[in-house]
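**Q** The structure that follows is given in the form of structure tokens.
Protein chains: 4
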Amino acid sequence: MTTRKPVFLVIGAGAGIGGHAAARFAAGGYHAVLARRSDEEGLAKLVSEIEEAGGSASGTLLNASEDGTIEELIERTERDIGPIDCALYNLGAQIGNRALHDTPHSTFELGWRLGTFGLFRLSHAMLPAMVERGKGSLLVTSATAAVRGNAGQHSHAAAMAGRRMLCQTLNAEFAPQGIHVAHVVVDGSVDAPDTLGKLLGDKFEAYKASKGEDGVIDPAALAETYWHLAQQPRNCWTHEIDARPFTDVAWWNDTPISAINRGKPGA
Amino acid sequence: MTTRKPVFLVIGAGAGIGGHAAARFAAGGYHAVLARRSDEEGLAKLVSEIEEAGGSASGTLLNASEDGTIEELIERTERDIGPIDCALYNLGAQIGNRALHDTPHSTFELGWRLGTFGLFRLSHAMLPAMVERGKGSLLVTSATAAVRGNAGQHSHAAAMAGRRMLCQTLNAEFAPQGIHVAHVVVDGSVDAPDTLGKLLGDKFEAYKASKGEDGVIDPAALAETYWHLAQQPRNCWTHEIDARPFTDVAWWNDTPISAINRGKPGA
Amino acid sequence: MTTRKPVFLVIGAGAGIGGHAAARFAAGGYHAVLARRSDEEGLAKLVSEIEEAGGSASGTLLNASEDGTIEELIERTERDIGPIDCALYNLGAQIGNRALHDTPHSTFELGWRLGTFGLFRLSHAMLPAMVERGKGSLLVTSATAAVRGNAGQHSHAAAMAGRRMLCQTLNAEFAPQGIHVAHVVVDGSVDAPDTLGKLLGDKFEAYKASKGEDGVIDPAALAETYWHLAQQPRNCWTHEIDARPFTDVAWWNDTPISAINRGKPGA
Amino acid sequence: MTTRKPVFLVIGAGAGIGGHAAARFAAGGYHAVLARRSDEEGLAKLVSEIEEAGGSASGTLLNASEDGTIEELIERTERDIGPIDCALYNLGAQIGNRALHDTPHSTFELGWRLGTFGLFRLSHAMLPAMVERGKGSLLVTSATAAVRGNAGQHSHAAAMAGRRMLCQTLNAEFAPQGIHVAHVVVDGSVDAPDTLGKLLGDKFEAYKASKGEDGVIDPAALAETYWHLAQQPRNCWTHEIDARPFTDVAWWNDTPISAINRGKPGA
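Chains as they are written, first to last, in my numbering: chain A, 6 to 272; chain B, 6 to 272; chain C, 6 to 272; chain D, 6 to 272.
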């Protein structure tokens, strides 16, 4: 199968941000390629939903942390489907809060493989063809942990910070060559059953309810922002953007309006 | 005149970002109120162009640095036109690079009046009604100088940093009350005849030519991003976003791809 | 009186950071000039204590927010005492947390006059002579509010952000001319009876007790860091540094070690 | 050999920052343990110089990127020499500017092993004993690349950003337990023959000359700042500090005083 549509590739296409971004780009005229680690059935469902809505999509299972997998996917997609116009690197590396002694070497390394190295490998494999075509976009989902390191986030924060800085070096090298790299700091919980849902398990629904109406990011809303980023003309590119629900305290704040600053009066 | 359309108010409505934002919101169904300091003719032209394109707009001259003016405009707009749904604070405070000895006290103070205090006054006058209505947006055009202080930018950087931090405190207090505050770091030159054009004078066209194709931000493109921000649902609000042409070196970088890092090898 | 000692000038010399810095520099061989707004008795006490410890100091009352006062002090000090080798701008602008409607225009303006404009005026008046001598230091006490804007901090955060960015523009212009500008982000409560003590009133002692042993910054300890900054040779200058008690959560963090990240799982 | 002196451990003890920090701490009464990858002769020379100056030191060769090496060193030091009071992680990961296609997977991974993972491993192995003793310091040399990603710095910037964020998570977990973690952003070239000297080869002397008098950081000066950090009492700890020569443009600036802002007028 080949397509004349521009191709949108999602690495990390669960039922949250990845799946909704795929749907949004498909609705906008792209062929969406959805790649995820497991759950063939869930993947097929996402593809079907896009097709039922009149869009074009295909899916593939992929263990992104394994050498050669992302590389093979890029090669196969470009050859069998078409030139990748936009890719979304959407793999998370959040494992919850863990003290240092509860964060083994292997966990820290896996965080880096998913959080930083996978994006490097994707860029290595995909950007040369984009450079040759003189255009392309690389959207990167990221997290608060990329800009500050909370207690318990050793693996996640180091991995996401590496991701963020890699986005900057990629932007510095490739923006002048026509490639748009955007780093999205998702600073709030997302209604994502395949990631946050699995992390919280049977507490997920209660958690969402506790956040109140519109207290959790709707991945369809975030997908609209991804779409906007990918459509910006090259005279006006955004490299970094944040997003959170209106009820969430921004990561840099510690004072809800209802409280006085008990922690650091004077500071 | 009153309107059933939502009202979009621009303070600083020249032929660049402000005027294009007004046109974009008018095209999206808003009534645009354009306020600027001078040039009645230029203002009338912007209003006419919006009306000729089928939109709704009105204009007013305003010396924003003078006490009471912004306040009166808010009161008049809410009373005579309709509830302000979204406002854009678009006043610049750039005066070019000047050494400290060449930056008089009065210049520094005026920078603050336009850069920081005007936004405070606008918020003071406008937000209570938005809070009562439980919704509204405040978009704020800002500059690289808000995040780093270059040589010669004493007045501009101090004023823009105050603007940025005020956006954070406004967001912290008002986001939970349904008001979306967004701070836009414009990190590149804008094709804005009324501001940059006047700063550079007859060197403006040569400057733009020197930047190459798509080397200067098209204010219509930036207006599209403002529109996107104003349409984000409250579960997914952006507070800060940057924008620059693809050819521009981002403010945090100093190494064009063509060069090696001559400045700080090892650092 | 004139002195052969290098002169250390403190603007904002209460019994906290300012007074302890004066004592530290006096112990290191400087003549300390202490300027503060009020409390002649308190001022005399600080001067006496320095002299009793074998140091050299003098004091003056000064309403820094009034035009001409800082300027006159600089002129008088340089003429009557000696060349200012190092100055500390130590005026605070913290007024506690106040909602926007509870922050009048005049409060916001006063915040700027003390927080930002006073430093600009000091620089204007003092730096030319330092440039002529090819050396000098300007230490600036700052606050967490300079780097993030919490709810209720409209006046303080805008003023401190202006202060920080002004430090960057001053550094950019004057470092290459031999003037060391250092911006100190005090990210914790200081045991300062004349500022925090007055803000908290009779709750000050209980507050300090609640923070535990070493839970509040000892201004003598911070003064040691100021001393270190002023002694750095020009091949190795620090522009920005933070400080907080070991028990305080850093401003960018929200998760004490004892808690899980309840706020934003996944983000 | 065991010592009653507090132990200062340097990982990355060349003739630049590491060696000078060892000498400074030895002069201050510590026993310095110097670890480096190669050059047994150079290592012996550093140890001798410290001993000749009346200090106490010992040295060891160590391939820090190899599993188990740092861990064994910690265990051996604590057992044979004494409790580590302060450690300096001083391994660099700078390899010069390289385009993405010239940065192989293995290079990127090695950057992470030295830049991020080694610090994680050191913390894992060393902090539990410090926690038990209720005190200790971890100083971390870092680079501009930790806070912004320049073109060509893919490997270095991702690794240093991971290092910086790890310092934040370590600080968040361990500061309240009495462990001081400090992240030093070295934003300038250091007169370090074993790192920058090797990177620049026979151009090193010409490079230093081109920077002018005091235009390169003297590692002895920086060592004085490390010493200061390690001596801060726990009520007043610095987590992050920068340093550069007075002639260097700070990383966030792009305008030397002698130039106008040609790049982004208006921004």
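Every residue, glycine too, gets a C-beta built ideally from N, C-alpha and C.
Apart from the five residues on each side of it in sequence, which residues of its chain come closer than 8 Å, Cβ to Cβ, to Ile75 of chain C?
**A** The residues are Ile16, Leu67, Ala69, Gly123, Arg126, Leu127, Ala130.
**Q** Just by C-beta distance, which residues in the segment 26-45 of chain A are closer than 9 Å to chain D?
**A** Those would be none; no residue qualifies.
**Q** Determine the DSSP secondary structure at Asp85 of chain C, reduced to helix, strand or coil.
**A** The answer is helix: DSSP assigns Asp85 of chain C an H, G or I state.
**Q** By the 7 Å beta-carbon criterion, what residues does the segment 234-256 of chain B contribute toward chain A?
**A** Under the 7 Å Cβ criterion, the segment 234-256 of chain B contributes Gln237, Pro238, Arg239, Asn240, Cys241, Trp242, Thr243, His244, Glu245, Ile246, Asp247, Ala248, Arg249, Pro250, Phe251, Thr252, Ala255.
**Q** Check whether chain C comes within 9 Å of Val15 of chain A, counting only Cβ atoms and requiring the distance to be less than that.
**A** For Val15 of chain A, the answer is no, since every Cβ of chain C falls outside 9 Å of its Cβ.
**Q** If we cut at 9 Å on Cβ distances, does His129 of chain D have a partner in chain C?
**A** Not closer than 9 Å to any Cβ of chain C, the Cβ of His129 of chain D fails to qualify, so no.
**Q** Do the segment 218-233 of chain C and the segment 182-192 of chain C touch if we need at least three Cβ pairs shorter than 8 Å?
**A** With a cut-off of 8 Å, the segment 182-192 of chain C and the segment 218-233 of chain C count as touching, because enough Cβ pairs lie within range.
**Q** Does the segment 45-60 of chain B come within contact of the segment 15-30 of chain B, defined as at least 3 CB pairs closer than 8 Å?
**A** Contact holds: three or more Cβ-Cβ distances are below 8 Å.
**Q** Go to Phe125 of chain A, then tell me how far its alpha helix (DSSP H) extends in each direction, as first and last residue.
**A** 123-138 is the span of the alpha helix (DSSP H), which, as asked, contains Phe125 of chain A.
**Q** Do Gly59 of chain A and Arg41 of chain A have their C-beta atoms within less than 9 Å of each other?
**A** It is not a contact, given that the beta carbons lie outside the stated cut-off.
**Q** Can you give me, in chain order, the residues of the segment 106-118 of chain A that have a beta carbon less than 9 Å from any beta carbon in chain D?
**A** Within the segment 106-118 of chain A, the qualifying residues are His106, Thr108, Pro109, His110, Phe113, Glu114, Trp117.
**Q** Using a threshold of 9 Å, state whether the C-beta atoms of Leu14 of chain B and Leu119 of chain B are closer than that.
**A** No; because the gap between Cβ atoms is not below 9 Å, this pair is not in contact.
**Q** Taking the alpha carbon of Asp44 of chain B as the point to measure from, which residue in B:Thr65, B:Thr112, B:Ala164, B:Arg249 has its own alpha carbon closest?
**A** Among B:Thr65, B:Thr112, B:Ala164, B:Arg249, the Cα nearest to that of Asp44 of chain B belongs to B:Thr65.
**Q** For Arg9 of chain D, is the classification buried or exposed, using 16 other Cβ atoms within 10 angstroms of its Cβ as the cut-off for buried?
**A** Answer is exposed; the Cβ neighbour count stays below 16.
**Q** When the cut-off is 9 Å and only beta carbons count, does Asp259 of chain A lie next to chain D?
**A** No - not a single Cβ of chain D is within 9 Å of the one on Asp259 of chain A.
**Q** Can you tell which of B:Glu83, B:Leu132, B:Ile86, B:Arg153 has the C-alpha that lies nearest to the C-alpha of Leu105 of chain C?
**A** Measuring from the Cα of Leu105 of chain C, the nearest candidate turns out to be B:Leu132.
**Q** Name the DSSP beta bridge partners of Tyr53 of chain C, please?
**A** Just to set this straight, residue 53 of chain C is Ser in the shown sequence, not Tyr. None, per the DSSP bridge assignment.
**Q** Run down chain C in chain order and give the residues with a C-beta less than 7 Å from the C-beta of Asn155 of chain B.
**A** Here the neighbours are Thr174, Ala177.
**Q** To the nearest angstrom, how far is it from the Cα of Asp247 of chain C to the Cα of His233 of chain D?
**A** When rounded, the distance between both Cα atoms is 14 Å.
**Q** May I ask which residues mark the beginning and end of the alpha helix (DSSP H) holding Glu229 of chain A?
**A** First-last of the alpha helix (DSSP H) with Glu229 of chain A: 224-236.
**Q** What residues match up with Trp242 of chain D in a beta bridge as DSSP calls it?
**A** According to DSSP, which records beta bridges pairwise, Trp242 of chain D is partnered with C:Arg249.
**Q** Name, please, each residue of chain A whose Cβ falls closer than 9 Å to the Cβ of Phe209 of chain D.
**A** Within chain A, no residue comes near Phe209 of chain D; the closest Cβ sits about 25 Å away, beyond 9 Å.
**Q** Answer with buried or exposed for Arg84 of chain C, where buried requires no fewer than 16 other C-beta atoms within 10 angstroms of its C-beta.
**A** The residue in question, Arg84 of chain C, is exposed, as its Cβ has fewer than 16 Cβ neighbours within 10 Å.
**Q** Quick check: what's the CA-CA separation for Ala264 of chain A versus Gln99 of chain A?
**A** Residue placement at Ala264 of chain A is flagged as unreliable, the pLDDT there being 47, under the threshold of 50; a coordinate-derived value is accordingly withheld.
**Q** Do we get a CB-CB distance below 9 Å when we pair Val152 of chain D with the residues of chain B?
**A** Taking Cβ atoms only, chain B reaches closer than 9 Å to Val152 of chain D, which makes this a yes.
**Q** Could you tell me the alpha carbon to alpha carbon distance between Ala151 of chain B and Gln173 of chain D, rounded to whole angstroms?
**A** Rounded to the nearest angstrom, the two C-alpha atoms are 25 Å apart.
**Q** Out of curiosity, what's the CA-to-CA distance linking His244 of chain D and Ala177 of chain D?
**A** Rounded to whole angstroms, His244 of chain D to Ala177 of chain D spans 10 Å at the Cα level.
**Q** Once the 5 residues before and after Arg153 of chain A are set aside, which same chain residues still bring their CB inside 7 Å of it?
**A** Taken in chain order, the residues that qualify are Trp256.
**Q** Could you round the C-beta distance between Val145 of chain B and Asp90 of chain B to whole angstroms and report it? I think they count as a contact, below 8 Å.
**A** Rounded, the Cβ-Cβ distance is 16 Å, inconsistent with contact.
**Q** Would a check of beta-carbon distances place Arg169 of chain A closer than 9 Å to chain D?
**A** Yes, contact with chain D.
**Q** How should Ala211 of chain B be labelled, buried or exposed, when 16 other C-beta atoms within 10 angstroms of its C-beta is the threshold for buried?
**A** Per the 10 Å Cβ criterion, exposed.
**Q** Please report the distance separating the alpha-carbon of Gly33 of chain A from that of Pro238 of chain A.
**A** Their backbone Cα atoms lie some 16 Å apart in a straight line.
**Q** So, is the C-beta of Val221 of chain D closer than 9 Å to a C-beta in chain C?
**A** Yes - at least one Cβ of chain C is within 9 Å of the one on Val221 of chain D.
**Q** Exposed or buried, which one is His161 of chain C when buried takes at least 16 other CB atoms within 10 Å?
**A** Classification for His161 of chain C: buried.
**Q** What first and last residue would you give for the beta strand (DSSP E) that runs through Ser70 of chain D?
**A** Element bounds for Ser70 of chain D: n/a, residue is neither H nor E.
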